[in-house]
Amino acid sequence: TEEEEARSGEVLVVTPAETTSLPVRYEALSGALQVSPSTVSLDTAFPGKVLRKPLWAWSTYQRPITIKAVTSSDPRVLPVLAQTVLPPNKRVLMGHLEFNTARVALEENYLSDATFAGHAGLSSPSGPLTRLDVQALKRRELVWEAVSSRGLTEVRASLTVHTDVVEGVPVTAHGMLERPSILATPVLNFSLVQVGEEASAGVRLHNPSDHPLAVRLLALPTLPSLPEGAAALEAFAGHELPPAGDFWAKGTTVGALTGSRGAAAFHLAQGAVMEALIEPHQDVVVGPVIFSPTKLAAHGGVLCVKNNLTLLQVLPLAGWGGSGQLAFEASDGSE
Numbered sequence: 002t003e004e005e006e007a008r009s010g011e012v013l014v015v016t017p018a019e020t021t022s023l024p025v026r027y028e029a030l031s032g033a034l035q036v037s038p039s040t041v042s043l044d045t046a047f048p049g050k051v052l053r054k055p056l057w058a059w060s061t062y063q064r065p066i067t068i069k070a071v072t073s074s075d076p077r078v079l080p081v082l083a084q085t086v087l088p089p090n091k092r093v094l095m096g097h098l099e100f101n102t103a104r105v106a107l108e109e110n111y112l113s114d115a116t117f118a119g120h121a122g123l124s125s126p127s128g129p130l131t132r133l134d135v136q137a138l139k140r141r142e143l144v145w146e147a148v149s150s151r152g153l154t155e156v157r158a159s160l161t162v163h164t165d166v167v168e169g170v171p172v173t174a175h176g177m178l179e180r181p182s183i184l185a186t187p188v189l190n191f192s193l194v195q196v197g198e199e200a201s202a203g204v205r206l207h208n209p210s211d212h213p214l215a216v217r218l219l220a221l222p223t224l225p226s227l228p229e230g231a232a233a234l235e236a237f238a239g240h241e242l243p244p245a246g247d248f249w250a251k252g253t254t255v256g257a258l259t260g261s262r263g264a265a266a267f268h269l270a271q272g273a274v275m276e277a278l279i280e281p282h283q284d285v286v287v288g289p290v291i292f293s294p295t296k297l298a299a300h301g302g303v304l305c306v307k308n309n310l311t312l313l314q315v316l317p318l319a320g321w322g323g324s325g326q327l328a329f330e331a332s333d334g335s336e
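Be aware that the sequence shown starts at 2, since it is given in our numbering, and climbs by one per residue.
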């Protein structure tokens, strides 16, 4: 039938021994179920940042229908239902699609340190960097490289809505994995500063995660013996850091990047804000960093920020030492 109807009856099963009556009932419904958006575009995310997008439903069936289940091809993209009974001829919020990239095997979680569970554990955000921290950083780097090389940074999921009336309503979703950064700017650039003068700038940090972020500024020792292009991480791995109290000493020198000149031109101001707690998705300014160029040249350095999200981030510092003079010219053109 093409019309909505409900009928009931019975089926008789007759045998030489007995007659059995089986009640039968059917209901014919006309309508459709639409879920929107049918294709969900998710922003970039990382373990520690959960994204949610609303899912709406519109049913044209003439009676309420019940959602029995919603299946997903990827455990990182799952629905959270706000209601399971959809009324007729009404657009309602069915729930939210949740993108949680932490729902993966430990070997694919590039912000997890599960491999160190049997050790003493990573250092606290307020403590000095340790060799175990460095090992964890290296492990995270290797996991991210493996995920990227296998093309797993793109997440695509197929979801299916099952109800008591209609089966197989499809929804697709896609998003991307990212490596989080707490640096608001990629470089702290002082531009041109007169030799013998100084300029100061605060360091703006951003918490991209859903959890409080503890940050602490560290000074990387000057290491001129490192091979060209060596990473700051290798500097930490090969050299002992000063005790925690040393980082609070006035005029702490900010370390040099390999191959840069004039690292001593950068230092943390006396009384600088060295650590902070940043609420989720908020910014804070720490420092400031002082730039005092000592020569007519480009100066470069790094400031390291220890934190409980990325463990360590390196902020490059850049500036130019310049000079100038004020000259007066006579009306005849002579100075």
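C-beta atoms are modelled at their ideal positions from N, C-alpha and C, and glycine is treated no differently. Here the structure is a predicted model, which is why all the values come from computation and not from measurement.
- With contacts defined by Cβ atoms closer than 9 Å, valine 172 and leucine 34 do not form a contacting pair.
- By the Cβ-count criterion, alanine 299 is exposed, with fewer than 16 other Cβ atoms from all chains shown falling within 10 Å of its own Cβ.
- Classified as exposed, serine 42 has fewer than 16 neighbouring CB atoms from the shown chains inside 10 Å of its CB.
- For glutamate 146, the enclosing alpha helix (DSSP H) covers residues 132–150.
- Runs of the beta strand (DSSP E) lying entirely within the segment 58–124, each at least 3 residues long, are 66–73, 78–82 and 91–100 in chain order.
- Counting the other Cβ atoms within 10 Å of the Cβ of leucine 13 gives fewer than 16, which makes it exposed.
- Using a Cβ-Cβ distance cut-off of 8 Å, the segment 81–94 and the segment 102–111 are not in contact, since fewer than three pairs of beta carbons, one from each stretch, lie closer than that value.
- The beta carbon of proline 65 is closer than 6 Å to those of Val86 and Pro88 in its chain, skipping five residues each way along the sequence.
- Burial is judged here by how many other beta carbons sit within 10 angstroms of a residue's own beta carbon; asparagine 190 has fewer than 16 and is exposed.
- Burial check for proline 294: the Cβ neighbour count within 10 Å reaches 16 or more, so the residue is buried.
- In the structure shown, the three-state DSSP call for alanine 18 is coil.
- In the displayed model, alanine 185 falls within coil according to three-state DSSP, outside both helix and strand.
- From the listed residues Leu112, Gly169, Thr16 and Val25, the smallest Cα separation to arginine 8 is found for Val25.
- In this structure, Val194 is the residue among Val194, Leu23 and Val36 with its C-alpha nearest to the C-alpha of glycine 322.
- Here lysine 54 has Val41 and Leu98 as same chain residues with Cβ atoms under 6 Å from its own Cβ, once five neighbours each way along the sequence are excluded.
- For alanine 103, same chain residues with a beta-carbon under 6 Å away, outside a window of 5 residues either side, are Pro48 in chain order.
- Note: alanine 277 is bridge-paired with Val216 in the DSSP secondary-structure output.
- Beta-bridge annotation (DSSP): valine 303 is paired with Pro317.
- Excluding five sequence positions before and after serine 73, the CB atoms of its chain that fall closer than 6 Å to its own CB belong to Leu79, Ala158 and Leu160, given in chain order.
- Taking proline 129 as reference, the option from Leu219, Glu198 and Trp59 with the minimal CA-CA separation is Leu219.
- The C-alpha of leucine 214 lies about 10 Å from the C-alpha of glutamine 283.
- Taking all protein chains in view, the Cβ of alanine 174 is crowded by 16 or more other Cβ atoms within 10 Å, so the residue is classified as buried.
- Here the alpha carbon of alanine 273 sits roughly 25 Å from the alpha carbon of aspartate 134.
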